[in-house]
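Position 205 of the sequence shown, counting from 1, maps to 208 under our numbering, and the rest follow consecutively.
By construction, the Cβ of each residue, glycine as well, lies at the ideal position given by its N, Cα and C atoms.
One structure below.
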Amino acid sequence: MKKEIAIDVRDLTIGYGDYVLLHDANYQVNKGDIFIIMGGSGCGKSSMLRVLTGLLLPKKGTVIINGVNMETAPQTDIQKIREKSGILYQSGALFSSMTLAENIALPLQQYTTYSPETIRELAHLKLALVGLTGFDDFYPSEISGGMKKRAGLARALALDPDIVYFDEPSAGLDPISSHHLDELIIKINQSLGTTIVVVTHELASIFAIGTNSIFLDANTKTILAHGRPQELLKHPPHPEVYQFLTRGEKK
Numbered sequence: 004m005k006k007e008i009a010i011d012v013r014d015l016t017i018g019y020g021d022y023v024l025l026h027d028a029n030y031q032v033n034k035g036d037i038f039i040i041m042g043g044s045g046c047g048k049s050s051m052l053r054v055l056t057g058l059l060l061p062k063k064g065t066v067i068i069n070g071v072n073m074e075t076a077p078q079t080d081i082q083k084i085r086e087k088s089g090i091l092y093q094s095g096a097l098f099s100s101m102t103l104a105e106n107i108a109l110p111l112q113q114y115t116t117y118s119p120e121t122i123r124e125l126a127h128l129k130l131a132l133v134g135l136t137g138f139d140d141f142y143p144s145e146i147s148g149g150m151k152k153r154a155g156l157a158r159a160l161a162l163d164p165d166i167v168y169f170d171e172p173s174a175g176l177d178p179i180s181s182h183h184l185d186e187l188i189i190k191i192n193q194s195l196g197t198t199i200v201v202v203t204h205e206l207a208s209i210f211a212i213g214t215n216s217i218f219l220d221a222n223t224k225t226i227l228a229h230g231r232p233q234e235l236l237k238h239p240p241h242p243e244v245y246q247f248l249t250r251g252e253k254k
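This is how it looks when you write it as structure tokens:
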């Protein structure tokens, strides 16, 4: 059975001014994937994420999300796609002057007509979903880095998005907290059917959660590989890919 496509990237070129960071990128993200965008420093991972989330316009090419061309579609259709997308930034990007519940309530207040009571209940449920029951009235300064990431994820899930984007989710976390976050990502994917796109260079996370991936290369400015991370390790299509996926291992 053919899988439905959540994101379709065609002939994409990304750059800043006259500088081209990545050219002629083509790939698809299936619905229900945990899709990894990986590669070394300066390869364009974060810029690719910015294009997918609409924060950066490509120099050339097309991005189609759930059947909507993000360049040519009516603004109302594009806005609906954005409302059904969530983002977890590296730091969590919580508002320090708001409690965790207030942070999660913010998108619900902006994009729904729910009553204040319903919004409070939904914020509580989203915190429970990420293992933060009882922390509704805590401020970001009162919780650990790993908890901030989980609270940021709760906010990203506030509007029940079809797609959630993660920008280096393990950055700044110890191995145990990183492992717990990986488990949470898998739980969200499997229980809610959410399509997840993750920018990361952390091998443990890549192999633990990735169901599909692309490898971006800074030297050729292209996608060198596309496939399940474990398969790319077994059958690397290019030495650069093998070197990346085995770094730190002794021969």
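Sheet register partners of residue i (DSSP bridge)
i: A228; result: F218
i: Q112; result: According to DSSP, which records beta bridges pairwise, Q112 is partnered with nothing at all.
i: N33; result: I8
i: Y19; result: Y22
i: M41; result: F218
i: V201; result: I39, F169
Expected contact under 8 Å - CB spacing of residue i and residue j to nearest Å
i: T198; j: A76; result: Not quite, the Cβ-Cβ distance comes to about 19 Å (not below 8 Å), so this is no contact.
Beta-carbon proximity list for residue i, same chain, < 8 Å, skipping 5 on both sides
i: Y117; result: L111, L125
i: I209; result: I39, M41, T203, S216, P232, L248
Alpha-carbon to alpha-carbon, residue j and residue i
i: A154; j: R13; result: 34 Å
i: G148; j: I107; result: 17 Å
i: Y142; j: G134; result: 16 Å
i: E86; j: P164; result: 7 Å
i: M101; j: A159; result: 16 Å
i: E7; j: N33; result: 6 Å
i: N72; j: V54; result: 13 Å
i: H241; j: P178; result: 29 Å
Cβ-based neighbour list, residue i, same chain, cut-off 6 Å, excluding 5 preceding and 5 following
i: D11; result: Q31, I67
i: F169; result: L91, V201
i: N192; result: I37, I199
i: F218; result: M41, G42, L227, A228, V244
i: A104; result: A126, D139
Proximal residues to residue i (C-beta, below 7 Å), its chain only, five neighbours per side dropped
i: D27; result: D14, T16, T225
i: E171; result: Q93, V202, T203
i: F98; result: N106
i: G251; result: Annotation note: pLDDT 44 at G251 (below 50); position unreliable, coordinate value reported separately. Around G251: no qualifying Cβ.
i: K254; result: Residue placement at K254 is poorly supported in this model, since its pLDDT is 37, which falls under 50; the coordinates still yield a value, given next. Excluding residues within five positions, none has a Cβ falling inside 7 Å.
What residue ranges within the stretch 77-104 form continuous alpha helix (DSSP H) runs of no fewer than 4 residues, ordered along the chain? Runs of alpha helix (DSSP H) with 4 or more residues, each lying fully within the stretch 77-104, are found at 78-86, listed in chain order.
Could you tell me which uninterrupted alpha helix (DSSP H) segments, each at least 4 residues in length, are contained entirely in the stretch 119-171, listed from first to last along the chain? If we require 4 residues or more, the alpha helix (DSSP H) runs fully inside the stretch 119-171 come out as 119-132, 148-159.
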